[in-house]
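Notes to accompany the following structure.
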Amino acid sequence: LQKIAARELGDASLWRDLISINSLDYPYLTGDPTAVTANVKLYGSQIAVPSASNRTNAQIDPNAVFGVDMKLDGGLLLDNGIGDFVVVAGRDNYKQAIENRIATRRKELTFHQTYGCDIPTLLGTVTGPTATLLAAQYAKEAVLADDRTQAVTTAVAKTVGDVTAVNVVAVPVAGAPVAVSNNF
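Next up, the structure:
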């Protein structure tokens with residue numbers, strides 16, 4: 011069931027959902043036809059798997075799509091002056107999120123191993139055309155990894171001296187394109 015959950019639902023930890031949906035009892039699945047009951051299925055039997063709901067063409071508020079998060083300035087939280095943190099919402103939140111993703115080294119966050127970008131792995135290497143092209147590609151991959159990104163129309167990097175400037179134009183799932191840049 012874990013393999014089915016990983017393949018069909020994208021997360022092996024959702025195997026218990028398959029048990030619930032199919033009203034299965036331990037041992038859930040069996041290879042012995044004599045052990046089959048209404049709540050124990052034979053290997054190869056059909057089971058119900060939840061599917062994504064139908065999409066609609068309803069008008070979508072871009073600010074609602076991109077959510078709300080705490081605003082960061084240089085990686086630091088900001089105080090709003092009344093005992094709370096400053097928040098960022100909508101398209102500004104999306105922009106902050108992809109800027110942070112590009113600036114964060116992939117695997118830097120222990121519990122979010124796929125979050126981030128591989129550009130920091132280029133730091134300290136020989137600066138040249140290959141590293142510059144890789145930086146642009148790494149930035150594009152990082153931005154596309156955000157579920158709110160529909161496409162990346164531009165991902166360019168330019169190296170001058172020991173600084174590589176990366177510029178990305180992302181097309182979000184709602185609203186106009188968003189441009190971000192970062193220097194490494």
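Mind the numbering: the sequence shown is residues 11 to 194 in this note's numbering, read in order. Where a beta carbon is used, it is the ideal one built from N, C-alpha and C, also for glycine. Source: prediction; values computed, not measured.
Pairing Ala141 with Leu132 gives a Cβ-Cβ distance under 8 Å. DSSP places Ser30 in the uninterrupted alpha helix (DSSP H) bounded by 25-31.
Taking C-beta atoms as the reference points, Leu28 and Ala15 count as a pair closer than 8 Å. Per DSSP, the beta bridge partners of Arg115 are Cys127. When the beta-carbon positions are compared, Phe95 and Leu87 come within less than 8 Å of each other.
Non-local C-beta neighbours of Lys117 in its own chain, meaning closer than 6 Å and more than five positions away in sequence, comprise Gln123, ordered along the chain. In the three-state reduction of the DSSP assignment, Ala189 falls in the strand class, which pools E and B. Comparing alpha-carbon positions, the option among Val59, Tyr104, Ala186 lying closest to Ala155 turns out to be Tyr104.
Of the other Cβ atoms in all chains shown, fewer than 16 fall within 10 Å of the Cβ of Asn49; this residue is therefore exposed. Our two residues, Leu119 and Tyr125, have alpha carbons roughly 7 Å apart in a direct line. For Ala180 and Cys127, the gap between their C-alpha atoms comes out near 15 Å. Between Asp79 and Gln106 a beta carbon distance of about 7 Å is seen, short of the 8 Å cut, so the two are scored as contacting. Taking the Cβ atoms as the reference, Thr159 lies roughly 5 Å from Val153, within the contact range of under 8 Å.
In the three-state DSSP reduction, Lys51 falls in the strand class (E or B). Proximity to Ser61 across Val178, Glu18, Glu151 peaks at Glu18, based on C-alpha coordinates. The residues Val162, Ala165, Val178, in chain order, have a CB closer than 8 Å to that of Lys150 in the same chain once the five nearest residues on each side in sequence are set aside.
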